[in-house]
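Input: a single structure, listed below in structure tokens.
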Amino acid sequence: MTNPMPSPHELTHALETLHSGGIIAYPTETVYGIGADPFQPRGLDQILRLKGRDATKGFILLIPNRRTLETIVTPPSPRAERLIQQFWPGPLTLVLPAQPGLPEQVTGGRTTVAVRHSSSQRVATLLNAWGRPLVSTSANPSGHPPFRNHLQVQDFFGSQIPCIMTGHCPTHTPPSTIVAFENDQPVIVRQGAITAVMLGIAPHPRIDPNKMEKER
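Under our numbering, residues 10 to 225 are what the sequence shown spells out, in order.
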């Protein structure tokens, strides 16, 4: 089953909510996400409260295009660039050196930021209309399985999320794989939809237990 494109009314409602500092929920190619403007603290605080999330984790930023990437990270290393060319758009999140000026709530107080270019056409429509990075985290309380459709999100969060875009996600698709870099070598932070074999770091993927996260 394919998610329909958002209606003009639904898209306008989402954009107005983001511009006002509110939060939205939307389907991706992996799990349902909660999004906010990364430069408006009110939305970020609300996400942390709704999820019961540790503020030091930081957030993933979804981007609409390469130009947007260049505004939030320094030039990627050669190895990171190869993964970008091979797997974006897609369910791969890369932890890259952040440009100065990103809010601490987004980076978790680190010098890096997690970034993804989604392959969902529905997300692309939203991001192209938004025209800037969008905070993304799974639509579920921390430590619980992610929700897969708008009805689950609505039943749990209700009016706490003022804009819940309709749709669904594949039932058994894992979240995005998160990869960081140490001396330009990839380190799997979270195993997900893209495997270590696909990334070319098998048969012995280097998974750092100190960086493993159930959800981002």
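Glycine is no exception: its CB is placed at the ideal position from the N, C-alpha and C atoms.
For residue i, three-class secondary structure by DSSP
| i | result |
| --- | --- |
| Glu25 | helix |
| Gly44 | strand |
| Glu191 | strand |
| Thr37 | coil |
| Pro126 | Looking at the sequence provided, one finds His at residue 126 rather than Pro. Here His126 sits in coil by DSSP. |
| Leu111 | coil |
| Pro171 | coil |
| Arg119 | coil |
Cβ neighbour criterion (16 or more within 10 Å) applied to residue i
| i | result |
| --- | --- |
| Glu19 | buried |
| Pro13 | exposed |
| Glu79 | exposed |
| Asp46 | buried |
| Pro100 | buried |
| Thr21 | exposed |
| Gly44 | buried |
From the options, residue whose alpha carbon lies closest to that of residue i
| i | options | result |
| --- | --- | --- |
| Thr77 | Gln108, Thr65, Lys66 | Gln108 |
| Glu191 | Thr121, Gln114, Gly52 | Thr121 |
| Val82 | Ser145, Ala23, Leu111 | Leu111 |
| Phe166 | Asn137, Arg88, Leu59, Val144 | Leu59 |
| Pro150 | Gln49, Pro50, Gln55, Ser29 | Gln55 |
| Gly52 | Val115, Met207, Ser185 | Val115 |
| His181 | Gln161, Leu160, Phe156, Arg141 | Phe156 |
| Gly67 | Ala89, Thr146, Ala138 | Thr146 |
| Ile69 | Ser86, His22, Ile197, His126 | His126 |
| Pro73 | His159, Pro184, Asp63, Arg131 | Arg131 |
Span separating the alpha-carbon of residue i from that of residue j
| i | j | result |
| --- | --- | --- |
| Pro233 | His177 | Residue 233 cannot be examined here, being either before or after the span of the chain that is shown, 10 to 225. |
| Gln169 | Ser16 | 22 Å |
| Thr175 | His28 | 20 Å |
| Gly201 | Thr186 | 4 Å |
| Leu24 | Gly42 | 15 Å |
| Gly117 | Leu57 | 12 Å |
| Val206 | Glu38 | 20 Å |
| Ile32 | Ala89 | 30 Å |
| Phe96 | Gly61 | 31 Å |
| Gly140 | Pro87 | 27 Å |
Chain D within 8 Å of residue i, Cβ atoms only
| i | result |
| --- | --- |
| Ile33 | No chain D appears in this structure, which consists of one protein chain only. |
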